[in-house]
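Data first, discussion second: the structure below is written as structure tokens.
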Amino acid sequence: MRPARVFFLLILLAFPVSCWARLVSVENVRMWPAPDYTRLVFDLSGSLNYRLFMLKDPYRVVIDLHNARLGGPLPRLGSGSAIVSDMRSGPRANHTVRIVVDLKIDAQPRSFLLKPAGPYGHRLVVDLYDAAKAARERARLRAQAAAPPSREFVVVIDPGHGGDDPGATGHLYGTQEKTVVLAIARDLDRLVAAQPGMKAIMTRTGDYYVPLVTRRRMAKGADVFISIHADSMPGRIVDAHGASVYALSEKGATSALARALASDENESDWIGGVNLNNVESGVGQVLGDLTKSATIADSVRLGDDMLPYLRGVAPLHSNKVEQAGFVVLESPVPSVLIETGFISNPADERKLRSKRFQERTARAIFDGLERAEPWLLARRGVPIRTARAPKPVFDQYVVRPGDTLTAIAQRHDVSVTALRDVNGLRGSNIRIGLRLRIPVPGDRG
Ligand SMILES: [Zn+2]
0 MRPARVFFLL ILLAFPVSCW ARLVSVENVR MWPAPDYTRL VFDLSGSLNY RLFMLKDPYR
60 VVIDLHNARL GGPLPRLGSG SAIVSDMRSG PRANHTVRIV VDLKIDAQPR SFLLKPAGPY
120 GHRLVVDLYD AAKAARERAR LRAQAAAPPS REFVVVIDPG HGGDDPGATG HLYGTQEKTV
180 VLAIARDLDR LVAAQPGMKA IMTRTGDYYV PLVTRRRMAK GADVFISIHA DSMPGRIVDA
240 HGASVYALSE KGATSALARA LASDENESDW IGGVNLNNVE SGVGQVLGDL TKSATIADSV
300 RLGDDMLPYL RGVAPLHSNK VEQAGFVVLE SPVPSVLIET GFISNPADER KLRSKRFQER
360 TARAIFDGLE RAEPWLLARR GVPIRTARAP KPVFDQYVVR PGDTLTAIAQ RHDVSVTALR
420 DVNGLRGSNI RIGLRLRIPV PGDRG
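For the sequence shown, numbering that gives the first Met the number 0 begins at 0 and goes up steadily by one.
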């Protein structure tokens with residue numbers, strides 16, 4: 000007998016109950032509390048059958064996993080959930096593992112199995128919804144839809160990833176994309192909320208996953224949709240750095256990188272965990288082609304409005320708005336996805352972790368929004384006179400030997416007076432190396 004066969008036989012003899020080998024083991028559990036529901040994710044060594052039911056007095060969920068065993072003691076759940084208070088588990092007869100989740104309130108369960116994706120194997124997802132809160136939210140959305148169109152400029156801020164989907168991870172500090180983009184989104188949320196006439200809606204406010212289709216559904220009725228990311232260069236090339244802005248593409252991608260990033264981003268649902276039975280068909284099929292190309296053109300213009308401000312924070316990765324088939328951008332409102340930097344680049348990773356960089360990036364996105372607000376409101380029929388004047392944008396120019404103010408003004412198609420005004424100059428004397436702000440025309444169609 001070959002040594003391998005002998006080894007196999009020994010293994011069989013070591014496990015007298017042969018069906019143990021076929022039992023699915025429950026390896027781990029994670030909890031992701033969201034505002035209106037709490038998600039429990041069980042890592043399994045394979046697919047299995049299960050039964051889930053609710054009990055009252057006190058409220059609890061019972062999950063029986065058939066042909067299963069506990070891979071070890073399950074970790075204790077944290078205390079961050081408004082719905083789940085505790086969890087117990089133990090073996091029952093007939094190779095069943097029973098998990099009892101104690102609840103703080105009455106909740107509605109939704110559960111589904113997920114096939115392996117990204118770093119995960121098989122998973123069982125149990126979402127527990129706060130029934131009362133969900134009903135209130137539905138009523139609020141109905142009232143909002145029935146209300147007359149508001150003059151408010153509504154910005155949907157979408158921090159990418161979350162929960163089981165960490166997004167890209169930095170090589171230097173192990174920084175997770177989901178964490179830094181949430182920090183930038185929160186900074187932007189504060190800026191928008193503080194601006195009279197503007198309103199922000201966050202697609203997620205904590206560390207939990209939101210399906211791409213839900214994110215873009217939240218954009219319905221809003222003026223703009225801003226998705227915030229910080230991804231890694233495909234193939235672990237670490238020298239790519241800087242921010243870039245993306246819009247949806249009708250045809251192909253504008254670059255190989257744009258295509259690769261879109262395909263990475265579109266993986267999100269598989270890793271984050273989405274019950275694909277509940278996902279409706281793409282908005283792209285619902286939108287007419289004309290609406291779609293008009294929205295894409297507006298999205299590119301919105302991105303153009305942001306680039307000069309982002310350039311003021313750090314050198315850009317791409318100086319133009321790139322396009323590719325990002326699923327999250329397939330919405331009926333002007334939508335851009337901002338890669339705030341490459342988390343795969345050590346210098347960018349360090350920046351992305353810094354509060355100052357996060358705040359400056361949020362400020363740059365906000366400046367771009369302010370600049371886009373008048374023409375976007377005009378699209379909705381809000382008279383331009385009630386909208387704010389377009390926010391000025393400046394290019395930079397460093398004075399070289401032989402330059403005169405008149406020559407610089409002519410070359411940039413601006414008046415000498417305008418140049419003097421924005422730079423606080425009195426006469427015409429300029430020194431070499433002086434940084435001049437060059438006004439960029441505000442009305443570009
Ligand atoms: Zn991302």
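Glycine included, every Cβ here is placed at the ideal spot set by N, Cα and C.
This one's a predicted model, so the numbers in the text were calculated from it and none came from an experiment.
- Assess, as a yes-or-no matter, whether the region 241-255 is touched by the region 59-71 under the definition of 3 or more beta carbon pairs within less than 8 angstroms. no
- Query: Near Ser280, which residues of its chain fall below 6 angstroms by C-beta distance, leaving aside the five closest residues on each side in sequence?
  - Reply: Because the pLDDT of Ser280 is 43, which lies under 50, any placement of that residue in the model is unreliable, and the number read from its coordinates should be weighed accordingly. Cβ within range, chain order: n/a, list empty.
- Item | Nearest residue (CA-CA) to Tyr49, options Glu321, Phe41 and Asp420 | Phe41
- Message: Please tell me whether Val398 and Ile364 are closer than 8 angstroms, where the distance is taken between their beta carbons.
- Response: no
- Euclidean distance between Cα positions of Asp347 and Leu260: 17 angstroms
- Query: Rounded to a whole number of angstroms, what is the C-alpha to C-alpha distance between Arg447 and Val332?
  - Reply: Because the chain in this structure spans residues 0 to 444, residue 447 falls outside the shown range and cannot be described.
- Query: Leaving out the 5 sequence neighbours to the left and right, which residues in its chain are closer than 7 angstroms to Gly302 when beta-carbon positions are compared?
  - Reply: Val244, Ala246, Val320 and Val335
- Message: I believe Asp470 touches Arg38 by the beta-carbon criterion, under 8 angstroms. Please report the beta-carbon distance rounded to the nearest angstrom.
- Response: Shown here, the chain extends from 0 to 444; a query on residue 470 therefore has no answer.
- Message: Can you list, in chain order, the residues of its chain with a C-beta nearer than 7 angstroms to that of Ala361? Leave out the 5 residues immediately preceding and following it.
- Response: Ile183, Asp186, Leu187 and Leu190
- Per-residue burial, Val285 [other beta carbons within 10 Å of its own, 16 or more giving buried]: Legend: pLDDT at Val285 = 45, less than 50; position of this residue unreliable, value from coordinates given subsequently. Val285 comes out exposed.
- Query: Can you name the start and end residues of the alpha helix (DSSP H) that Gly367 belongs to?
  - Reply: Lys354 to Arg378
- Query: What residues match up with Trp31 in a beta bridge as DSSP calls it?
  - Reply: Arg38
- Would you tell me roughly how many angstroms separate the C-alpha atoms of Pro307 and His411, rounded to the nearest one? 16 angstroms
- Message: Please list the terminal residues of the continuous beta strand (DSSP E) segment that includes Asp163.
- Response: Run containing Asp163: none; DSSP gives neither H nor E here.
- Does at least one heavy atom of ligand 1 sit under 7 angstroms from the Cβ of Gly71? no
- Query: Got a list of residues with beta-carbon closer than 5 angstroms to any non-hydrogen atom of ligand 1, in chain order?
  - Reply: Gly159, Gly166, His228 and Asp230
- Item | Beta-carbon gap between Phe325 and Glu372 smaller than 8 angstroms | no
- Query: Below 8 angstroms between beta carbons: does that hold for His121 and Gly45?
  - Reply: yes
- Task: Determine the contact status of Pro32 and Gly89, defining contact as a CB-CB distance below 8 angstroms.
- Result: no
- Task: Please list, in chain order, all residues of the same chain as Lys198 whose beta carbon is under 6 angstroms from its beta carbon, the five residues on each side excluded.
- Result: Glu151 and Val153
- Query: Are Leu43 and Val25 closer than 8 angstroms when you measure CB to CB?
  - Reply: yes
- Query: Taking the beta strand (DSSP E) that Gln322 falls in, what are its first and last residues?
  - Reply: Glu321 to Ala323
- Exposure of Leu140, with buried meaning 16 or more beta-carbon neighbours within 10 Å: exposed
- Beta-bridge partners of Thr253, as assigned by DSSP: Per DSSP, none; premise fails for Thr253.
- Task: Run the CB neighbour count on Ser427, radius 10 Å, all protein chains shown included, and call it buried at 16 or more, exposed below.
- Result: exposed
- Do Tyr207 and Gly162 come within 8 angstroms of each other at the CB atom, strictly closer than that value? yes
- Query: Who are Phe111's beta bridge partners in DSSP?
  - Reply: Val124
- Query: Can you tell which of Gly311, Asn66, Asp85 and Asp222 has the C-alpha that lies nearest to the C-alpha of Ala92?
  - Reply: Asn66
- Query: Contact check, Val179 vs Ala133 under 8 angstroms by CB: the rounded distance?
  - Reply: Actually they do not touch by this definition, with Cβ atoms about 30 angstroms apart.
- Message: Restricting to Cα atoms, I'd like to know which of Asp297, Ala323 and Gln395 is closest to Gly251.
- Response: Ala323
- Item | Residues of its chain near Met0, where Cβ-Cβ distance is below 6 angstroms and the 5 sequence neighbours each way are ignored | Low per-residue confidence applies at Met0: pLDDT is 47, beneath 50, and the placement is therefore not dependable, though the value from the model is reported in the following sentence. So no residue of the chain qualifies.
- DSSP state of Ser267, grouped into three classes? helix
- Item | Environment of Leu211 [buried if 16+ CB atoms lie within 10 Å] | buried
- Message: Check for me: the alpha helix (DSSP H) holding Arg216 runs from which residue to which?
- Response: Leu211 to Arg216
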